[in-house]
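Student: Adding 28 to a residue's 1-based position in the sequence shown gives its number in my numbering.
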Amino acid sequence: MTSQRPRGPRALATALAALSGVLALASCGSDDSPESGGSPSATSASASGSGTAAPGGAVKCGKAATLQASGSTAQQNAMRFWIRNYQKACDGTRIQYEGSGSGAGQKDFLAGRTAFAGSDSALKKSQRDGAEKACTDGGRAVHLPMLGGPIAVAYNLSGVEKLVLDAPTLARIFDGKITKWNDPAIRKLNPKADLPATVIKAVHRSDDSGTTDNFTAYLHAATPSAWPHPHDQKWRGKGGDSATGSSGLATKVKQTEGAIGYVELAHAIGKTLPTASIDTGAAAPVDPTVVNASKALAGAKIAGSDGDLVLDLDYQPKASGAYPIGMVTYEIVCDKGNKPKTWPATKSFLLYAAGMQGQQDLSFQGYATLPAKVMDKVRNKLDSIS
């Protein structure tokens, strides 16, 4: 059964609060929209423009090249935006980004097939140290945090335009232990809602996914007794339906009455899906907005060593209004031994993305800003790689 478009003041408020996530996409043209009719996974644009730099010298172009990259679907919209702007400034360079999922992006990079990978979760140490096909001269893979954002809990339940959930209830829903929408645990959190006895259809990612890794990391950190599974790119919960990619998951929730799933905010907005507020124990439940996600990400600390910039996220933030289910997307490159033919252009592109111009419009596309001190370290790290 196809869901109804959410109505009422709550749905309108939610849509308006998150509308900034798609405004910039609309202004860039229809092919930049999450609902575009083009390829759902490939992002590219022809090199155009006359410049070697954008106005004010914001983009310092590298040697012209054709770059292949792949990975995170969470950053797909940001990549569209960055690639379009970069190629307008840097004539002769072509960048194609394949949104194939974090796990696939990691595999492509480690096999030497791509210039960089996008991933919403970090490589394991054995993967970093065993990157000989990608990194020559004894190089290792390093993580460059580039953007953050909220993972929204999107749902499709006719007549329910406002929904509050907490970590234990979410864990039991996604582990197949709460199976009806009028379960006492859900009713307790939503005393004014008219909850039907509809069967809950929880939807998870079928592909190796950094979104899955971050969502399950939140569940395991916030409620380990209710979610005993380790966090992983592979889904470890019991039961439920599955879908490939962020867009595929959002589409499945949209098309299925009683469905619930976890997906990046921009994809929930693109499908006009209502999203749940999270009861964190604070004075009021927290909505999945860019501002609220940024409050939580402000506490992220660098946990990597030897120049690796992996972040340790706080899934139980204490700040008022901080949304706890967040994620960071990394661009993965080599600390040395990158491909000589493509590294100058790769470095130039990533410096643009990490710079003020590349970062300043992210909030208009549904992404949260990372702390300034983190982005400073990213730019310094890129400068040090030759």
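Cβ atoms here follow ideal geometry from the backbone N, Cα and C, with glycine treated the same way.
(1) From S348 to D404, what does the alpha carbon distance come to, in whole angstroms?
(2) Is the separation between the beta-carbon of A396 and that of P352 shorter than 8 Å?
(3) Beta-carbon separation of D241 and S149 under 8 Å?
(4) Confirm, please, whether the CB-CB distance from A213 to Q344 is below 8 Å.
(5) Given this structure, state the Cα-to-Cα distance separating R108 from K216, to the nearest angstrom.
(6) The alpha helix (DSSP H) with H248 in it runs from where to where?
(7) Which residues in the same chain as T207 place their Cβ atom closer than 6 Å to its Cβ, once the five residues preceding and following it in sequence are excluded?
(8) Can you tell me whether L337 is helix, strand or coil according to DSSP?
(9) Are the beta-carbon atoms belonging to T101 and G129 less than 8 Å from one another?
(10) Name the residue from D203, K220, L185 and E189 whose alpha carbon lies nearest to the alpha carbon of W209.
(11) What do you get for G99, buried or exposed, if any count of 16 or more other CB atoms within 10 angstroms of its CB means buried?
(12) Give the single residue among A382, L175, D389 and P372 whose Cα lies nearest to the Cα of T121.
(13) Expressed to the nearest angstrom, what Euclidean distance is found between the alpha-carbon atoms of T370 and D307?
(14) To which residues of the same chain is T284 closer than 7 Å at the C-beta, ignoring the five residues directly before and after it?
(15) Comparing C-alpha positions only, which one of S154, W255, L172 and N218 sits nearest to A195?
(16) Just to confirm, are S234 and A271 a CB contact at a threshold of 8 Å?
(17) If you drop the 5 nearest sequence neighbours on each side, which residues of the same chain put their C-beta closer than 8 Å to that of A311?
(18) Please work out which residues of its chain come closer than 6 Å, Cβ to Cβ, to A328, disregarding the five sequence neighbours upstream and downstream, and give them in chain order.
(19) Report buried or exposed for E160, applying the criterion of at least 16 other Cβ atoms within 10 angstroms of its Cβ.
(20) Output the distance between the C-alpha atoms of P258 and K91, rounded to the nearest integer angstrom.
(21) From this set, G176, G286, K220 and V361, which residue's C-alpha is nearest A400's C-alpha?
(22) Restricting to runs no shorter than 4 residues, where is the alpha helix (DSSP H) found entirely within the stretch 149-237?
(23) Would you call the CB atoms of A97 and A162 closer than 8 Å?
(24) In the DSSP assignment, find the beta strand (DSSP E) that holds D269 and state where it starts and stops.
(25) Is it buried or exposed, G394, if we count other Cβ atoms within 10 angstroms and call 16 or more buried?
(26) Mapping the DSSP letters down to three states, classify Y358 as helix, strand or coil.
(27) Taking its Cβ as the centre, do 16 or more other Cβ atoms sit within 10 Å of M355, making it buried, or is it exposed?
(28) Under a three-way DSSP split, which group does K135 fall into?
(29) Could you check the C-alpha separation between E126 and I288 for me, to the nearest Å?
(30) Distance, Cα to Cα, C118 vs F377?
(31) Are Y380 and L172 touching if we call contact CB-CB under 8 Å?
(32) How close, in whole Å, do the beta carbons of A180 and A296 come, if the pair is a contact with beta carbons under 8 Å?
(33) Rounded C-beta distance between R141 and D363? I'm assuming under 8 Å.
(34) V281 and A182 - do their beta-carbons sit closer together than 8 Å?
(35) In the DSSP output, what is R122 paired with across the bridge?
(36) Taking the alpha helix (DSSP H) that F109 belongs to, which residues open and close that run?
Tutor: Short version:
(1) When only Cα atoms are considered, S348 and D404 end up about 26 Å apart.
(2) P352 is positioned such that its CB atom lies no closer than 8 Å to that of A396.
(3) Yes, the Cβ-Cβ distance between D241 and S149 is below 8 Å.
(4) In this structure, A213 does not lie closer than 8 Å to Q344 by Cβ.
(5) Cα to Cα, the separation comes out at about 42 Å.
(6) Note, H248: alpha helix (DSSP H), G238 to A250.
(7) Counting only Cβ-Cβ distances below 6 Å, and skipping sequence neighbours, we find I228.
(8) In the structure shown, L337 adopts coil according to DSSP, grouped into three states.
(9) Annotated as proximal: T101 and G129, with beta-carbon spacing under 8 Å.
(10) The shortest Cα separation from W209 among D203, K220, L185 and E189 belongs to L185.
(11) By the 10 Å Cβ count, G99 comes out buried.
(12) Cα-wise, what sits closest to T121 is P372.
(13) The alpha-carbon atoms of T370 and D307 are separated by roughly 47 Å.
(14) Once the five neighbours on either side are set aside, the close Cβ partners of T284 are N184 and K229.
(15) Nearest Cα to A195 within the set S154, W255, L172 and N218: W255.
(16) The criterion of a C-beta distance shorter than 8 Å is satisfied by S234 and A271.
(17) If we look at A311 and ignore the five residues flanking it on each side, its Cβ neighbours are S348.
(18) Closer than 6 Å at the Cβ level, and outside the excluded window around A328, lie L339 and L341.
(19) Label assigned to E160: exposed.
(20) A direct Cα-to-Cα measurement between P258 and K91 gives close to 43 Å.
(21) Residue G176 is the option with its Cα nearest to A400.
(22) List check, alpha helix (DSSP H) in window: 153-157, 195-202 and 212-217.
(23) Here A97 is not near A162, since their CB atoms are 8 Å or more apart.
(24) According to the DSSP assignment, D269 belongs to the beta strand (DSSP E) that extends over D269 to A271.
(25) Counting every other CB atom within 10 Å of its CB across the protein chains shown gives G394 a total of 16 or more, marking it as buried.
(26) Strand, per DSSP.
(27) Counting the other Cβ atoms within 10 Å of the Cβ of M355 gives 16 or more, which makes it buried.
(28) Annotated three-state conformation of K135 is helix, per DSSP.
(29) Going by the C-alpha atoms only, they are around 26 Å apart.
(30) C118 and F377 have their alpha carbons spaced roughly 9 Å apart.
(31) Taking 8 Å as the Cβ cut-off, Y380 and L172 do not qualify as a contacting pair.
(32) About 4 Å separates the beta carbons of A180 and A296, which is inside the 8 Å limit, making them a contact pair.
(33) About 19 Å separates the two Cβ atoms, so there is no contact after all.
(34) Yes, the Cβ-Cβ distance between A182 and V281 is below 8 Å.
(35) According to DSSP, R122 bridges with T94.
(36) Counting along the chain, F109 sits inside the alpha helix (DSSP H) bounded by residues Q104 to A117.
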